[in-house]
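A.B. asks: Under this note's numbering, the letters of the sequence shown match residues 844 to 1097, in that order.
Just dropping this structure here.
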Amino acid sequence: MVYVDAHCHLGSYQFDSDRDEVITRMLTARVHKAIMICCNKHDLKESLRLRDEHPGFRLAYGIHPQSLETDSTPDLFEKFRNRVIECQPDMIGEIGLDYFSHRHTKDIQKEFFVRQLKLAQQMNLPVDIHNRKASADTLEILKQYPIRGIIHSYSGSVEMAMLYIRLGYYISFGASVLFANARKPAEVIRAVPLERILIETDAPYQSPIRDHRHEPADVVRIYSAIAQIKEIPSAELMQTVSDNFDNVFHPGSF
844 MVYVDAHCHL
854 GSYQFDSDRD
864 EVITRMLTAR
874 VHKAIMICCN
884 KHDLKESLRL
894 RDEHPGFRLA
904 YGIHPQSLET
914 DSTPDLFEKF
924 RNRVIECQPD
934 MIGEIGLDYF
944 SHRHTKDIQK
954 EFFVRQLKLA
964 QQMNLPVDIH
974 NRKASADTLE
984 ILKQYPIRGI
994 IHSYSGSVEM
1004 AMLYIRLGYY
1014 ISFGASVLFA
1024 NARKPAEVIR
1034 AVPLERILIE
1044 TDAPYQSPIR
1054 DHRHEPADVV
1064 RIYSAIAQIK
1074 EIPSAELMQT
1084 VSDNFDNVFH
1094 PGSF
């Protein structure tokens, strides 16, 4: 029985100096399945190598909405599409909308979100969705482009989670559940069916500890917290999340 990290950036430059050690700690902690998110050429190159070396690692590649702040050149999507065809990712992501500090680029964000969803449909690939302060627009767009996938680092309401689930999405929870005042995440976790839950670190980001670089091995603590919230044995959570992970890529496996 193994742990899953459903969203991490193992190709990030923040791991360049000790990536092998990070992966050793990850595997020692029994985190044998992961989705490696790539949003630039550096991360993609490193993650392609790791996918070849680790059968349980999946690769997601996408144009992150925040990156459109500095790069939205006319040929950006065509270059991205060509790379997707070349590297054959297992998933398109992370993609979506971010209105938290990038609202002024919302129109171009929507355009690239839709174009990537269409590409995922054409290639029959799942998607990994980034949504920050853009729930209404995100949901409306996803309704128009039916596809399977994951809602990354979920922080919304119970009601919104259920709407995503009706569209066929899995809800992925991160380290926010570790905070002492995490009443809202706990409420959502109790409501979301176990068969629709995934668990992630977003490493090296979103560490619950100040000045600590998050690592995939840290996902074990998040599992423990979620098992307590759901009032289920850790083994049951591990098995179901592992099955959910497999179902994202091979629907109907379980």
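By construction, the Cβ of each residue, glycine as well, lies at the ideal position given by its N, Cα and C atoms.
1. CB-CB under 7 angstroms to residue 1022, same chain, minus the five flanking residues each way: which ones, in chain order?
2. Any contact between the stretch 924-943 and the stretch 903-913? By contact I mean 3 or more CB pairs, one from each, below 8 angstroms.
3. By the three-class DSSP mapping on this structure, what secondary structure does residue 856 have?
4. How would you write the range of the beta strand (DSSP E) that residue 904 sits in, first residue to last?
5. For the beta strand (DSSP E) that contains residue 849, what are its first and last residues?
6. Assign residue 856 to buried or exposed, taking buried as 16 or more other Cβ atoms, counted over all protein chains shown, within 10 Å of its Cβ.
7. My guess is that residue 990 and residue 960 are in contact by the Cβ rule of under 8 angstroms, so how many angstroms apart are they, rounded?
8. In whole angstroms, what separates the C-alpha of residue 923 from that of residue 968?
9. What's the gap between the Cα of residue 1062 and the Cα of residue 1092?
10. Could you tell me if residue 947 is buried or exposed, where buried requires 16 or more neighbouring beta carbons within 10 angstroms of its beta carbon?
11. Tell me whether residue 1087 is buried or exposed, calling it buried when 16 or more other Cβ atoms sit within 10 Å of its Cβ.
12. Which residue marks the beginning of the alpha helix (DSSP H) containing residue 1027, and which one marks its end?
13. Work out the CA separation of residue 1040 and residue 1084 for me, nearest whole Å.
C.D. replies: On the basis of the coordinates in this document:
1. 1051
2. yes
3. Three-state DSSP puts residue 856 in a helix.
4. 900-904
5. Residues 846-851.
6. exposed
7. 6 angstroms
8. 15 angstroms
9. 21 angstroms
10. exposed
11. buried
12. 1026-1034
13. 6 angstroms
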